[in-house]
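Q: So that we are looking at the same thing, I have put the structure below in structure tokens.
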Amino acid sequence: MKLSAYISYVVTAALLFVACGGSTTAVETRPAVTATILPLKYLVEQIAGQDFAVEVLVPTGASPETFEPTPKQYIRLNESQMVFATGLIDFENALLARMDNKDRLVDLSRGIELMAGSCSHDHHAAHKMAASRQAAAEGMPHGIDPHIWTSPRELRTMARNTYEAIMLRYPDSVKYTASYEALDTRLRDLDSLCSQMCRTSSARAFVVYHPALTYYARAYGLEQIAVENDGKEPSARELARVIDRAREAHVTAMLYQSQFPRSVVEVVARDIGVECREIDPMAENVEQNIIDITRTITGHGEQ
Numbered sequence: 062m063k064l065s066a067y068i069s070y071v072v073t074a075a076l077l078f079v080a081c082g083g084s085t086t087a088v089e090t091r092p093a094v095t096a097t098i099l100p101l102k103y104l105v106e107q108i109a110g111q112d113f114a115v116e117v118l119v120p121t122g123a124s125p126e127t128f129e130p131t132p133k134q135y136i137r138l139n140e141s142q143m144v145f146a147t148g149l150i151d152f153e154n155a156l157l158a159r160m161d162n163k164d165r166l167v168d169l170s171r172g173i174e175l176m177a178g179s180c181s182h183d184h185h186a187a188h189k190m191a192a193s194r195q196a197a198a199e200g201m202p203h204g205i206d207p208h209i210w211t212s213p214r215e216l217r218t219m220a221r222n223t224y225e226a227i228m229l230r231y232p233d234s235v236k237y238t239a240s241y242e243a244l245d246t247r248l249r250d251l252d253s254l255c256s257q258m259c260r261t262s263s264a265r266a267f268v269v270y271h272p273a274l275t276y277y278a279r280a281y282g283l284e285q286i287a288v289e290n291d292g293k294e295p296s297a298r299e300l301a302r303v304i305d306r307a308r309e310a311h312v313t314a315m316l317y318q319s320q321f322p323r324s325v326v327e328v329v330a331r332d333i334g335v336e337c338r339e340i341d342p343m344a345e346n347v348e349q350n351i352i353d354i355t356r357t358i359t360g361h362g363e364q
């Protein structure tokens, strides 16, 4: 039975029950799926619409680096028909190791050329890259930058993985195919737009507190100068190096995430001579978020 037909059947049965004098409370009839972070929920809903009840593990405003699931979330995880994850964030792997049926896991990083980092800004180091690729080959995410959803090019691969997983379970849905193709077209156009804005901007580098734009920087030939070092606040010497490099690169924006302290950011921005600009890489609407981040970095679209 098609998913849409199944949902219609359940809803009709519930309405008939009430019409015949019965009583019922609101019960979720849609199949339950889980997305580890909000950007993954966005991909699922862009393809499947509201056909699934999507549980998101990391709530708005929380950081996946420090997130710890609740016992209730463990229960819901095992009740989900599909679990969409990057497969690269520490909490995901600890959580998914406790899944009863790992066949329901959808690894959205499949097919992506991963980058070294583990939230470290030194992602160009050759030895880290070699370790990253070896870890990826062995299925171990340690040492790999997890922020694959911040680049339109990686998002296209993630969207395809999402679509294929949904179609494997519901192969008769023409609607999902049309929705996926529309999403893929938008992401391709988004990539072209970001490339054009970066190409016509004088900005070749940006400073960010937490290095969440590694894949984005690779896609558009930008240098990401991160304040945070391996998940820790910088020492005075490290901070001085960041400031010197930012001045040399003539950066025009100091980006920071709401999940991290603003105090250090203000000091760095003042010494560099630029304004602080808040971004949220964990925002649900990844398409609009990437446009906003691109405008912040390049200066396009600002008054």
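Each residue of the sequence shown is one higher than the one before, counting from 62 in our numbering. Beta carbons are placed, not taken as given, at the ideal position from N, Cα and C, and that holds for glycine. All figures in this text were calculated on a predicted structure; none of them were measured in a lab.
Using CA coordinates, which residue listed in D206, A226, R221 is at the minimum distance from A243?
A: Along the sequence shown, one-based indexing puts residue 243 at 182. With distances taken between Cα atoms, A243 lies closest to R221.
Q: For M59 and E116, what's the separation of their Cα atoms in angstroms?
A: Given that the chain is displayed from residue 62 to residue 364, the structure contains no residue 59 and the question cannot be resolved.
Q: With DSSP as the reference, please indicate the residues paired to A266 in a beta bridge.
A: In the sequence shown, the residue the question calls residue 266 occupies position 205. DSSP, once it has assigned bridges, lists E284 as partnering A266.
Q: To the nearest angstrom, how far is it from the Cα of M258 to the Cα of L118?
A: For this step, residue 258 is matched to residue 197 along the sequence shown. For this step, residue 118 is matched to residue 57 along the sequence shown. So the two alpha carbons sit approximately 34 angstroms from each other.
Q: Is the segment 87-105 close to the segment 128-144, with three or more CB pairs under 8 angstroms?
A: Enough Cβ pairs lie closer than 8 angstroms, so yes.
Q: Could you check what DSSP says for E129 in three-state terms: helix, strand or coil?
A: Taking the first residue of the sequence shown as position 1, residue 129 is located at position 68. DSSP places E129 in coil when its eight states are reduced to three.
Q: Around the C-beta of Q111, are 16 or more other C-beta atoms found within 10 angstroms, so that it is buried, or is it exposed?
A: To locate residue 111, count along the sequence shown from 1; it is residue 50. Answer is exposed; the Cβ neighbour count stays below 16.
Q: Hey, P272 and E289: beta-carbon distance below 9 angstroms or not?
A: To locate residue 272, count along the sequence shown from 1; it is residue 211. To locate residue 289, count along the sequence shown from 1; it is residue 228. In contact: P272 and E289 (Cβ atoms closer than 9 angstroms).
Q: Can you tell me the Cβ-Cβ gap for L274 and E348, rounded? I've got them flagged as a contact below 8 angstroms.
A: The residue given as residue 274 occupies position 213 in the sequence shown. The residue given as residue 348 occupies position 287 in the sequence shown. Actually they do not touch by this definition, with Cβ atoms about 16 angstroms apart.
Q: Quick one: measure Cβ to Cβ for Y369 and S256, integer angstroms, because I've assumed they're closer than 8 angstroms.
A: Shown here, the chain extends from 62 to 364; a query on residue 369 therefore has no answer.
Q: Considering only C-alpha positions, which residue in the set G334, T313, S324 is nearest to T355?
A: As a position in the sequence shown, residue 355 is number 294, starting the count at 1. With distances taken between Cα atoms, T355 lies closest to T313.
Q: Rounded to the nearest angstrom, what separates R306 and E327 at their Cα positions?
A: In the sequence shown, the residue the question calls residue 306 occupies position 245. In the sequence shown, the residue the question calls residue 327 occupies position 266. Whole-angstrom Cα-Cα distance: 17 angstroms.
Q: Can you look up Y231 in the DSSP assignment and give me helix, strand or coil?
A: On the sequence shown, residue 231 is found 170 positions in, with the first residue counted as 1. It is coil, neither helix nor strand.
Q: Per DSSP, what are the beta-bridge partners of D305 in this structure?
A: What you label residue 305 is simply residue 244 of the sequence shown in a count that begins at 1. Paired residues: none, contrary to the question.
Q: Are the segment 293-303 and the segment 230-238 in contact at 8 angstroms, needing three or more beta carbon pairs?
A: Short answer: they don't touch.
Q: Classify E174: buried if its beta carbon has 16 or more other beta carbons within 10 angstroms, exposed otherwise.
A: Working through the sequence shown from its first residue, we reach residue 174 at position 113. When all chains shown are included, E174 counts as exposed.
Q: R331 lies in the alpha helix (DSSP H); which residues open and close that run?
A: As a working note, residue 331 is residue 270 in the sequence shown. Segment 323-333, the alpha helix (DSSP H) holding R331.
Q: Please report the distance separating the alpha-carbon of R319 from that of E126.
A: Mapped onto the sequence shown, residue 319 falls at position 258. Mapped onto the sequence shown, residue 126 falls at position 65. It is worth fixing the name first, because residue 319 is Ser in this sequence and not Arg. In a straight line, the C-alpha of S319 is about 13 angstroms away from that of E126.
Q: Would you identify the three-state DSSP class for V105, choosing helix, strand or coil?
A: Locating residue 105 in the sequence shown gives position 44, counting from the first residue. Looking at V105 - three-state DSSP - the assignment turns out to be helix.
Q: How far does the alpha helix (DSSP H) with D161 in it extend, from its first residue to its last?
A: What you label residue 161 is simply residue 100 of the sequence shown in a count that begins at 1. Where D161 is concerned, there is no enclosing alpha helix (DSSP H), given that its DSSP letter is neither H nor E.
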